[in-house]
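*Asks:* Residue numbers (my numbering): 8 to 271.
1. Does the beta carbon of residue 48 fall short of 8 Å from some heavy atom of the ligand ADP?
2. State buried or exposed for residue 140, treating a residue as buried only when at least 16 other CB atoms are found within 10 Å of its CB.
3. Grouping DSSP H, G and I as helix and E and B as strand, with all else coil, what is residue 131?
4. So who's on the other strand from residue 54, going by DSSP bridges?
5. What would DSSP say about residue 168, mapped onto helix, strand or coil?
6. Taking just the CA atoms, how far does residue 224 sit from residue 112?
7. Given a threshold of 16 other Cβ atoms within 10 Å of its Cβ, counted over all protein chains shown, does residue 92 qualify as buried or as exposed?
8. Sort 183, 252, 106 and 170 by Cα distance to residue 243 and report the nearest one.
9. Can you tell me whether DSSP reads residue 155 as helix, strand or coil?
10. So, are the CB atoms of residue 123 and residue 156 less than 9 Å apart?
11. Of the residues 217, 46, 175 and 258, which one's Cα is nearest the Cα of residue 240?
12. Whole angstroms are fine: how far does the CA of residue 66 sit from the CA of residue 135?
13. Classify residue 77 as helix, strand or coil using the three-state DSSP reduction.
14. Considering just the uninterrupted stretch of the alpha helix (DSSP H) at residue 255, what are its terminal residues?
15. Report the three-state DSSP secondary structure of residue 30 (helix, strand or coil).
16. Taking 6 Å as the limit between beta carbons, can you name the residues of its chain near residue 172, skipping five residues before and five after?
17. Let me know if residue 104 comes out buried or exposed under the rule of 16 or more other beta-carbons within 10 Å of its beta-carbon.
18. Please state if the CB of residue 121 and the CB of residue 178 are separated by a distance shorter than 9 Å.
19. Please go through the region 208-249 and give each complete beta strand (DSSP E) segment of 3 or more residues, from N-terminal end onward.
20. If you run the structure through DSSP and keep just helix, strand and coil, what is residue 183?
21. Closest to residue 230 by CA distance: which of 246, 213 and 222 is it?
22. In whole angstroms, what separates the C-alpha of residue 199 from that of residue 72?
23. What do you get for residue 263, buried or exposed, if any count of 16 or more other CB atoms within 10 angstroms of its CB means buried?
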């Protein structure tokens with residue numbers, strides 16, 4: 008049975024009904040995850056690092072939503088997040104401070120995607136900052152092309168869905184999401200979009216999953232983009248039941264493959 012006493016504020020799901028085939032969303036930094044034992048982790052430095060208790064969690068994160076289920080052994084384990092971890096501000100910058108190290112949070116988008124807690128932010132003096140060794144920045148390693156992104160607005164009508172493609176966010180209608188992806192609740196979810204975020208044209212209406220000679224492609228306008236492996240297909244959460252053969256009169260041309268990670 009899950010051990011949930013360390014996290015009384017988090018409503019753990021019924022672990023007997025978890026779909027163990029549902030993959031972990033495709034990015035390496037910023038995601039909070041839990042396992043079947045009721046332990047919560049932060050993905051950082053491409054590893055999972057255990058959060059020791061609810062007090063430490065609340066010092067870092069703004070709420071208990073969007074904690075994904077993680078299959079044990081899928082990612083490497085890093086050192087646990089220490090009890091004294093905190094968020095501190097100096098000179099207009101925000102830092103994640105833990106274990107004698109300060110990591111600068113690079114922008115508002117990183118704060119949102121990590122769900123870091125603005126309210127818990129405390130001042131850090133110049134002397135205190137000098138005594139902390141600089142560590143890697145807190146920034147989001149976005150996935151390669153094809154990942155769905157859900158941007159929450161002030162109301163349901165303000166919310167939008169996008170596909171990451173060619174380093175840009177491209178608007179998708181909800182019905183397109185349902186035609187391509189397995190489920191909406193596994194999308195990368197963010198509270199807001201930075202003004203400097205790069206947006207592309209909306210996804211064309213003919214966007215679909217197609218197959219030819221044993222290979223699966225994402226059709227985007229006049230291009231067909233090969234999804235290079237079953238792992239990429241799973242990590243993007245594409246819906247295998249939606250794959251159809253190309254039409255006989257298909258005239259798409261090869262485009263960039265759907266493959267590994269990239270940073271925007």
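For each residue, glycine too, the CB sits at the ideal point set by N, CA and C.
*Replies:* Looking at the coordinates:
1. In the structure on display, the ligand ADP does not appear, and there are no ligands present to speak of.
2. What you label residue 140 is simply residue 133 of the chain shown in a count that begins at 1. Exposed, since its Cβ has fewer than 16 Cβ neighbours within 10 Å.
3. Residue 131 sits at position 124 when you count from the first residue of the chain shown. It is coil, neither helix nor strand.
4. Here the question's residue 54 lines up with position 47 in the chain shown. DSSP lists 51 as partners of residue 54.
5. Here residue 168 refers to the residue found at position 161 of the chain shown. DSSP places residue 168 in strand when its eight states are reduced to three.
6. To locate residue 112, count along the chain shown from 1; it is residue 105. To locate residue 224, count along the chain shown from 1; it is residue 217. The alpha-carbon atoms of residue 112 and residue 224 are separated by roughly 36 Å.
7. Indexing the chain shown from 1 puts residue 92 at position 85. Answer is buried; the Cβ neighbour count reaches 16.
8. Here the question's residue 243 lines up with position 236 in the chain shown. The residue with the shortest Cα to Cα distance from residue 243 is 170.
9. Position 148 of the chain shown holds residue 155. If DSSP states are grouped into helix, strand and coil, residue 155 belongs with the strands.
10. Walking along the chain shown from the start, residue 123 turns up at place 116. Walking along the chain shown from the start, residue 156 turns up at place 149. No, the pair does not count as a contact, with Cβ atoms beyond the cut-off.
11. Within the chain shown, numbered from 1, the residue matching residue 240 stands at position 233. The residue with the shortest Cα to Cα distance from residue 240 is 217.
12. Position 128 of the chain shown, counted from the first residue, corresponds to residue 135. Position 59 of the chain shown, counted from the first residue, corresponds to residue 66. Near 19 Å, if we compare the C-alpha coordinates of residue 66 and residue 135.
13. Mapped onto the chain shown, residue 77 falls at position 70. Coil at residue 77, not helix or strand.
14. Position 248 of the chain shown holds residue 255. Residue 255 -> no alpha helix (DSSP H), and no H or E assigned at all.
15. Numbered from its first residue, the chain shown carries residue 30 at position 23. Only weak support is given to the placement of residue 30: the predicted model assigns it a pLDDT of 35, under 50, and the question is left unresolved by the model.
16. Within the chain shown, residue 172 is the residue found at index 165, counting from 1. Excluding positions up to five away in sequence, the list reads 152.
17. If you number the chain shown from 1, residue 104 lands on position 97. Residue 104 should be labelled buried.
18. By one-based count along the chain shown, residue 178 stands at place 171. By one-based count along the chain shown, residue 121 stands at place 114. Going by C-beta atoms, residue 178 is not nearer than 9 Å to residue 121.
19. 215-219, 222-227 and 230-233
20. As a first step, residue 183 must be located in the chain shown, where it is residue number 176. Residue 183: helix per DSSP, three-state reduction.
21. Taking the chain shown and counting its residues from 1, the one referred to as residue 230 is at position 223. Nearest C-alpha to residue 230: 213.
22. Translated into positions along the chain shown, residue 199 becomes position 192. Translated into positions along the chain shown, residue 72 becomes position 65. With a pLDDT of only 49 at residue 199, under 50, the local geometry of the prediction cannot be trusted, and the value read off the model is given with reservation. Cα to Cα, residue 199 sits roughly 15 Å from residue 72.
23. The sequence position of residue 263 within the chain shown is 256, counting from 1. Flag for residue 263 reads exposed.
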